[in-house]
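Each remark here refers to the structure printed beneath this line.
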Amino acid sequence: MAEPAQAIHGTLIHSLSQTQLQVLPDTLIILSSSGSIVSLQSNIPSLQVNNFLAVQRIEHIRQTILPSGQFVIPGFVDTHNHAPQWMQRGLGQGMHILDWLDGITFPNEAKFADASHAEKVYEKLVRGMLRQGVTTASYYGSLHQEATNVLASTCLERGQRALIGKCNMNRNSPSFYCETSAEESISATKSCIHHIRTIDPKNTLIKPVLTPRFAISCTVELLQSLGTMVRNDTSLAIQTHFNEAKQEINATLSLFPEFKNEADLYSSFGLLTPKTILAHCTIMTEYEIQKLHDFGCGVAHCPTANMTVGGGFMAAPVKEFLRRGINVGLGTDSGGGYSSSMLNAMRHALITSYARDALYPTFKQAKETSVSGDKGGGKEALSLEEVFYMATQGGAKVVGLDDKIGEFALGREFDALVIDLRDERSGVNVPLDEDDSTPRMLEKFIMTGDDRNIVQVYVKGRLVHGE
Ligand code: GUN
Ligand code: FE
1 MAEPAQAIHG TLIHSLSQTQ LQVLPDTLII LSSSGSIVSL QSNIPSLQVN NFLAVQRIEH
61 IRQTILPSGQ FVIPGFVDTH NHAPQWMQRG LGQGMHILDW LDGITFPNEA KFADASHAEK
121 VYEKLVRGML RQGVTTASYY GSLHQEATNV LASTCLERGQ RALIGKCNMN RNSPSFYCET
181 SAEESISATK SCIHHIRTID PKNTLIKPVL TPRFAISCTV ELLQSLGTMV RNDTSLAIQT
241 HFNEAKQEIN ATLSLFPEFK NEADLYSSFG LLTPKTILAH CTIMTEYEIQ KLHDFGCGVA
301 HCPTANMTVG GGFMAAPVKE FLRRGINVGL GTDSGGGYSS SMLNAMRHAL ITSYARDALY
361 PTFKQAKETS VSGDKGGGKE ALSLEEVFYM ATQGGAKVVG LDDKIGEFAL GREFDALVID
421 LRDERSGVNV PLDEDDSTPR MLEKFIMTGD DRNIVQVYVK GRLVHGE
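When we follow the UniProt record's numbering, the leftmost residue of the sequence shown carries the number 1, and every step to the right adds one.
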């Protein structure tokens, strides 16, 4: 056993599979100094913890015995978040995507040319995300190299796990917020990757992700150069917006008339790989769903954004992705929706799936009434187990970290949230009954709780929020 550094005792709950929760009652978790789980033993009453440690000859380690009533879940993974949009959340929610980018988002993101502005906002962002239980985020930065480096350093210092990408955008953006050439964009991207790999050489918390904003904002030369980077370094993750809204799809296909759909477009540049994270995927044909499956891409489902500005007011075919075995995580999208809460993302994933289910109750009707061109089919409604899975283990798969996080198991790193629903502590109005089981408490937390119920947040065994 690696040298034990701390012990945490409490009741754990995580996903055993997409559809199954597992409760680990009275569990003693022992962590190494690097935050890996080196021992995990359930059904040890708290009064016997000292005895257990003595028998194992484990002495002088920090112990956290959680009071009964609290429970522990894996940290949330936000698979799609625009870091510079932290301050603009809530603005322009009824606009269509390209108008919103021009009118609200680009002027806001342009401010990150000033690295001291980035320092201020990213400090608030990372603290705010950790407070809400987001232990891992896949971040789009602005197009600025320096500000993106600030984001990487802030995540590392504050202890948030993250994928970090400088946006590539060298056309169809206002002159005050547009790179001047593909070479400039690639050179700045390489500098950011170098910075991330220099400050975290062992890839303990942060890693780079190529971030062509979307095809509309990238020239052919830029997309080709990014494809070359991926071919030369297959460890690189990629993220982009994909089939987000009608307005965006129409603009994309008129800029690239040689392609009939976005799957063919991005794959022709070598940008669809098992490490690709595709945000939104709201308007999908059967052909493109199959392509995503065949390339092994992950989907960042952003239900809040999809029903507001950032997804064209659509309910994505998430059940179909899951049925096909496509990895799906949840994304808050930051400004594209109005909320950076993964609890909201879970709730909205449920609600939009119910709406989709009502629209497409049967396979036959789905074919006849489909507004999005996909074939629908069968029940479209997600379950609580499925949205919790997507917020944790599913997200971990999408961002390529499922060998480290997403569940509680030997060898995994301890990214976890301690949840407390007891009224006297949090003052939050969660309708708790004395005889509620742990799965019931989890359900109530997801549907009625908020960040005041997240009393401790751990990343890699380090307490990054709470006391
Ligand atoms: N497409 C290109 N940029 C963006 C963005 O910032 N947000 C959303 N939701 N979609 C985009
Ligand atoms: Fe987005």
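For each residue, glycine too, the CB sits at the ideal point set by N, CA and C.
Original post:
Can you give, in chain order, each stretch of the beta strand (DSSP E) that sits fully within the stretch 104-168 and has at least 3 residues?
Top reply: 134-140 and 161-165
Original post:
Would a check of beta-carbon distances place Val150 closer than 8 Å to chain C?
Top reply: Considering every chain present, this structure includes no chain C. It has just one protein chain.
**OP:** Give the single residue among Val121, Thr448 and Asp403 whose Cα lies nearest to the Cα of Pro431.
**Re:** Thr448
Original post:
Around the ligand GUN, which residues pass a check of Cβ closer than 6 Å to any of its heavy atoms?
Top reply: His82, Ile97, Leu101, Thr105, Arg213, Phe214, His241, Glu244, Ala305, Gly310, Asp333 and Gly336
Original post:
Just to check, is the beta-carbon of Ala279 closer than 7 Å to a non-hydrogen atom of the ligand FE?
Top reply: yes
Subject >> Exposed unless 16 or more other CB atoms sit within 10 angstroms - verdict on Asp420 >> reply: buried
Subject >> Expected contact under 8 Å - CB spacing of Thr19 and Glu407 to nearest Å >> reply: Contact between Thr19 and Glu407 is ruled out by a C-beta separation of about 14 Å, above the 8 Å threshold.
Original post:
Is there contact between the stretch 149-156 and the stretch 102-111, where contact requires at least three CB pairs shorter than 8 Å?
Top reply: no
Original post:
At what residues does the beta strand (DSSP E) containing Arg62 begin and finish?
Top reply: Arg62 to Ile65
Original post:
Hey, out of Pro45, Leu125 and Lys190, whose CA is closest to Thr11's CA?
Top reply: Pro45
Original post:
Tyr389 to Ile73, Cα distance in whole Å?
Top reply: Taking the straight line from one Cα to the other gives about 11 Å.
Original post:
Would the stretch 123-138 and the stretch 442-461 be scored as touching if the rule is three or more Cβ pairs under 8 Å?
Top reply: Yes, since at least three Cβ pairs between the stretch 123-138 and the stretch 442-461 fall closer than 8 Å, the two stretches touch.
**OP:** Report the three-state DSSP secondary structure of Asn81 (helix, strand or coil).
**Re:** strand
Original post:
Under a three-way DSSP split, which group does Leu91 fall into?
Top reply: coil
Original post:
Looking at Ala300 and Ala279, is the spacing between their C-beta atoms short of 8 Å?
Top reply: yes
Subject >> Contacting residues, own chain, Cβ-Cβ under 7 Å from Ala32 (five flanking each side not counted) >> reply: Here the sequence assigns Ser to residue 32, which means Ala is not the residue at that position. These residues qualify, in order along the chain: Ala2, Glu3, Pro4, Ala5 and Val38.
Original post:
Between His80 and the ligand FE, is the CB less than 7 Å from at least one heavy atom?
Top reply: Yes, the Cβ of His80 comes within 7 Å of a heavy atom of the ligand FE.
**OP:** Evaluate the contact criterion for the stretch 316-327 versus the stretch 260-271: three or more CB pairs, one atom per stretch, below 8 Å.
**Re:** no
Original post:
With 16 as the cutoff for other CB atoms within 10 Å, does Val230 come out buried or exposed?
Top reply: Classification for Val230: buried.
**OP:** Identify whether Lys275 lies in helix, strand or coil by the three-state DSSP scheme.
**Re:** In the structure shown, Lys275 sits in coil (DSSP, three-state: anything other than H, G, I, E or B).
Original post:
Nearest-angstrom Cα distance between Gly75 and Gly69?
Top reply: About 19 Å.
Original post:
Which two residues bound the contiguous beta strand (DSSP E) that contains Pro208?
Top reply: Ile206 to Pro212
Original post:
Are Gly411 and Asn327 close, meaning C-beta to C-beta below 8 Å?
Top reply: no
Original post:
Does the beta-carbon distance from Pro25 to Ser36 come in below 8 Å?
Top reply: no
Original post:
Under the rule that 16 or more other beta-carbon atoms within 10 Å means buried, what is Thr198, buried or exposed?
Top reply: exposed
**OP:** Check each candidate in Ser191, Ser353 and Ala83 and name the one with the smallest Cα separation from Glu380.
**Re:** For Glu380, the closest C-alpha among the options Ser191, Ser353 and Ala83 is that of Ser353.
Subject >> Extent of the continuous alpha helix (DSSP H) run through Val318 >> reply: Boundaries of the alpha helix (DSSP H) harbouring Val318: Val318 to Arg324, taken from the DSSP string.
**OP:** Indicate the three-state DSSP secondary structure (helix, strand or coil) for Phe445 in the structure shown.
**Re:** helix
**OP:** Ignore the nearest five residues each way along the sequence and tell me which others in Glu467's own chain have a CB closer than 8 Å to its CB.
**Re:** Gln456
**OP:** Using alpha carbons as the reference points, say which of Cys297, His348, Trp100 and Lys291 lies closest to Met307.
**Re:** Comparing Cα-Cα distances from Met307 to each of Cys297, His348, Trp100 and Lys291, the minimum goes to His348.
**OP:** Please look up how many angstroms separate the CB atoms of residue 468 and Arg171, rounded, as I've assumed it's under 8 Å.
**Re:** Outside the shown range of the chain, which is 1 to 467, sits residue 468, and nothing can be said about it.
Original post:
Since Asp420 sits in a beta bridge, which residues does DSSP pair it with?
Top reply: Gln70
**OP:** Could you tell me the distance, in whole angstroms, from the CA atom of Ala7 to the CA atom of Val398?
**Re:** 30 Å
**OP:** Look up Tyr458 in the DSSP assignment and give the residues it is bridged to.
**Re:** Ala416 and Leu463
Original post:
For Ala245, does the count of other Cβ atoms within 10 angstroms reach 16, so buried, or fall short, so exposed?
Top reply: Classification of Ala245: buried, given that the 10 Å Cβ count is 16 or more.
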